[in-house]
Amino acid sequence: MTAETTSIDTLVIGAGQAGVAMSEHLSNAGVPHLVLERNRIAESWRTGRWDSLVANGPAWHDRFPGMVFDDLDPDAFAAKDRVAAYFEAYARQIAAPIRTGVTVSRVERHQGRAGFTVETDQGVFEASRVVVATGPFQRPVIPPIAPKSETLVQMHSADYRNPEQLPEGGVLVVGAGSSGVQIAEELQRAGKKVYLSVGPHDRPPRSYRGRDFCWWLGVLGEWDAEVARPGREHVTIAVSGARGGHTVDFRRLAQQGITLVGVTEAFDGEQVTFKPDLALNLARGDDNYLSLLNAADAYIARNGLDLPEEPAARDVLPDPDCVTHPLKTLDLRAAGVGTVIWATGYEVDYRWLNVDAFDANGKPRHQRGVSKEPGVYFLGLPWLSRRGSAFIWGVWHDAKHIADHIVTQRKYLAYQGADERNAAAGTSRRDATADDSRIHPVSETGVL
Ligand SMILES: Cc1cc2nc3c(=O)[nH]c(=O)nc-3n(C[C@H](O)[C@H](O)[C@H](O)COP(=O)(O)OP(=O)(O)OC[C@H]3O[C@@H](n4cnc5c(N)ncnc54)[C@H](O)[C@@H]3O)c2cc1C
1 MTAETTSIDT
11 LVIGAGQAGV
21 AMSEHLSNAG
31 VPHLVLERNR
41 IAESWRTGRW
51 DSLVANGPAW
61 HDRFPGMVFD
71 DLDPDAFAAK
81 DRVAAYFEAY
91 ARQIAAPIRT
101 GVTVSRVERH
111 QGRAGFTVET
121 DQGVFEASRV
131 VVATGPFQRP
141 VIPPIAPKSE
151 TLVQMHSADY
161 RNPEQLPEGG
171 VLVVGAGSSG
181 VQIAEELQRA
191 GKKVYLSVGP
201 HDRPPRSYRG
211 RDFCWWLGVL
221 GEWDAEVARP
231 GREHVTIAVS
241 GARGGHTVDF
251 RRLAQQGITL
261 VGVTEAFDGE
271 QVTFKPDLAL
281 NLARGDDNYL
291 SLLNAADAYI
301 ARNGLDLPEE
311 PAARDVLPDP
321 DCVTHPLKTL
331 DLRAAGVGTV
341 IWATGYEVDY
351 RWLNVDAFDA
361 NGKPRHQRGV
371 SKEPGVYFLG
381 LPWLSRRGSA
391 FIWGVWHDAK
401 HIADHIVTQR
411 KYLAYQGADE
421 RNAAAGTSRR
431 DATADDSRIH
441 PVSETGVL
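If you count the sequence shown from 1, position 135 lands on 135 in the UniProt record's numbering, and the numbers rise without skipping.
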């Protein structure tokens, strides 16, 4: 802990992909800045995910424009540690001024003057601007229906690592987005009896007519969609890059031995009740899947593309017994289920951010990341500006917008009227370096 206060124009908090992208654009714009990271660069990719996780999108797609995964086939899916190494290498390439091992504990707006005081476990900073890049998935959410049981092992997907970590016996996985579906399949392949609770979801084909779904969502403008379709704002997307990538097909998972159940509604001790919505959720997922095939076919026809036909993509497996005769309840003990994995998402945690930037529900109020509180920016949140915002390829573009906004604001603030210009000219003759004294030197040479 140092007693001195470090002053900097722009402070970026968090050095995941969002913080690294922000640093690149700020450097390109010549904005003095510093990135503070409480752990290591891309920590979420290192320790916040299960062991076998690979990127959901192929290497050619899930990256920043300035660097390729030079050791991977462009169509391969990078392992999570490779993704972390990528961002570390990227930070080095752009000489990002990142200080790791610094936890920000409080941000407070100055009273009667511009800027913010930022308290950390390594001293105090003063910044004219603060970019909050602390991630879209900070605090794992387990719904209040989770039973209070001493015998049942319960964990969030954020704490799941591998099948060996779990006790003997079956598993109920609640939530069938990308995390729940991949974890359920890994456990089933490891020989466990798995129940998978399936809610509303989108499930694009992994690939269609020779193109990955990431390509299709790109050319069809879906990644750039600025608002979710009404009623689909919180619908999860079930995709997988595991084992080379494959379409998530719930009927196939059932054929493999996973028992599908509807949305988990309530627990009475170890007796679980499921909503009678499994068939409906699968049907809506099928609609989403088929609508993408239809849009892709139309795009191919309209643009005269020579991509191979793929009629088999429209084959639908027969409904398995667990769909036609869905379980309404399950006695976990009688079924030999000793573990519940909650793949139920995350929320943000801004208790340390003491600024007027939130609505009554504690959600950031912002326009494309530019907060209502001047000088505060948010980056990396889902739907910050578009569907792609929380993903690797999307956050880079949002960071550019925020950097542009910062540059514009700095230009306004640098403006001086004639009197001020004349006075400044006199001052600068007397002390050419006066302005620089506000900036505490930080390494411009790379990762600190
Ligand atoms: C299971 C899973 C799989 C995903 N797979 C993909 C994928 O394949 N492709 C894709 O594009 N996206 C994927 N995502 C979404 C997204 O890309 C990741 O969540 C990504 O980590 C978000 O990057 P970020 O920089 O916004 O946040 P993070 O990576 O979470 O980085 C935020 C950083 O801020 C630091 N921090 C937080 N609070 C403080 C503080 N108070 N002081 C200092 N530092 C702080 C953290 O230590 C962290 O390093 C996935 C998400 C999950 C959960």
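Heads up, the beta-carbon is just placed ideally off N, CA and C, and yes, glycines get one too.
Since we're looking at a predicted model, the values are computed, not measured.
- request: Can you have a look at Y415 and say buried or exposed, based on whether 16 or more other CB atoms are within 10 angstroms of its CB?
  value: Counting C-beta atoms within 10 angstroms of its own C-beta, Y415 has fewer than 16 neighbours from the protein chains shown and is therefore classed as exposed.
message: Would V343 and H110 be called neighbours here (beta carbons separated by less than 9 Å)?
response: Reading off the sequence shown, one finds Ala at residue 343, where the question assumed Val. No, the pair does not count as a contact, with Cβ atoms beyond the cut-off.
Residue of V20, A21, T5 and N28 minimising C-alpha distance to V407: N28
task: Leaving out five residues on either side along the sequence, give the residues of the same chain with a beta carbon under 8 Å from the beta carbon of D9.
output: V31, P32, H33, A127, S128, R129, R410 and I439
message: At a cut-off of 8 Å, would you count F48 as near ligand 1, judging by its Cβ distance to the nearest heavy atom?
response: The sequence as given places Gly at residue 48; Phe does not occur at that position. True, at least one ligand heavy atom lies under 8 Å from that Cβ.
L172 to D202 span [Cα, whole Å]: Approximately 21 Å, taken between the alpha carbons.
- prompt: Taking the alpha-carbon positions, what's the K363 to G304 distance?
  reply: 45 Å
task: For G169, collect the residues of the same chain with a Cβ closer than 6 Å to its Cβ; drop the 5 residues on either side in sequence, then sort them by chain order.
output: G336 and G338
query: Sorted by chain position, which residues of the same chain lie with C-beta nearer than 7 Å to A313's C-beta, five sequence neighbours on each side aside?
result: Within the same chain, A313 has close Cβ partners P205, Y208 and L293.
- prompt: Would the beta-carbon of residue 450 fall within 9 Å of that of E373?
  reply: This structure leaves residue 450 out entirely; the chain is present only between 1 and 448.
query: Just checking my contact of G369 with H397 at CB under 8 Å: how many whole Å lie between their CB atoms?
result: The pair is not a contact, with the Cβ atoms about 11 Å apart (cut-off 8 Å).
message: Rounded to the nearest angstrom, what separates Y350 and Q17 at their Cα positions?
response: 19 Å
field: Through-space distance from V20 to W223, alpha-carbon basis
entry: Their Cα atoms are separated by approximately 21 Å.
Cα-Cα separation, F213 to R421: 56 Å
- prompt: If we ignore side chains and look at the alpha-carbon of each, how far apart do I392 and T5 end up?
  reply: 33 Å
field: Inter-residue Cα distance where the pair is L166 and V340
entry: Cα to Cα, L166 sits roughly 10 Å from V340.
- prompt: From this set, D70, E119, P97 and F77, which residue's C-alpha is nearest N354's C-alpha?
  reply: E119
task: Evaluate S240 with the Cβ neighbour count: other Cβ atoms within 10 Å of its Cβ, from every protein chain shown; 16 or more gives buried, anything less gives exposed.
output: buried
- prompt: A403: which of T47, R387 and F378 sits nearest, CA to CA?
  reply: F378
- request: Return the bridge partner residues of W60 from the DSSP annotation.
  value: In the DSSP output, where bridge partners are listed per residue, W60 has none listed.
- prompt: Going by the beta-carbon positions, is the gap between E270 and D331 smaller than 9 Å?
  reply: yes
task: Ignore the nearest five residues each way along the sequence and tell me which others in T117's own chain have a CB closer than 7 Å to its CB.
output: E108, H110, V124 and E126
- prompt: Taking the alpha-carbon positions, what's the residue 492 to R161 distance?
  reply: The shown model of the chain, from 1 to 448, leaves out residue 492, and the question about it has no answer.
message: Whole angstroms are fine: how far does the CA of L217 sit from the CA of D315?
response: 22 Å
field: E186 beta carbon near ligand 1 (any heavy atom closer than 8 Å)
entry: Result no, Cβ not under 8 Å from ligand 1.
message: Quick check for students: name the residue ranges of the beta strand (DSSP E) that lie wholly in the stretch 273 to 332, counting only runs of 3 or more.
response: 329 to 331
message: Between which residues of its own chain and R49 is the CB-CB distance below 7 Å, once the five residues before and five after are set aside?
response: If the five residues before and after R49 are omitted, its C-beta is found closer than 7 Å to the C-beta atoms of K80, all from its own chain and listed in chain order.
query: In whole angstroms, what is the alpha-carbon distance linking G388 and T329?
result: 37 Å
task: Pull up the distance between the alpha-carbon of P140 and that of E88, whole angstroms please.
output: 25 Å
task: Inspect the beta-carbon positions of V194 and T273 and report whether they are closer than 9 Å.
output: no
task: Please go through the stretch 108 to 150 and give each complete beta strand (DSSP E) segment of 3 or more residues, from N-terminal end onward.
output: 116 to 120 and 123 to 132
field: Reduced DSSP secondary structure (H/G/I, E/B, other) of P382
entry: coil
- prompt: Quick one: is S291 buried, meaning 16 or more other Cβ sit within 10 Å of its Cβ, or exposed?
  reply: An exposed status is given to S291, since fewer than 16 other beta-carbon atoms sit within 10 Å of its beta-carbon.
message: Does the beta-carbon of G369, which I'm using as the reference point, lie nearer than 8 Å to any heavy atom of ligand 1?
response: no
query: What three-state label does DSSP hand I8 in the structure shown?
result: strand
task: Would you mind working out which of V219, T247 and T427 sits nearest I237, comparing C-alpha positions?
output: T247
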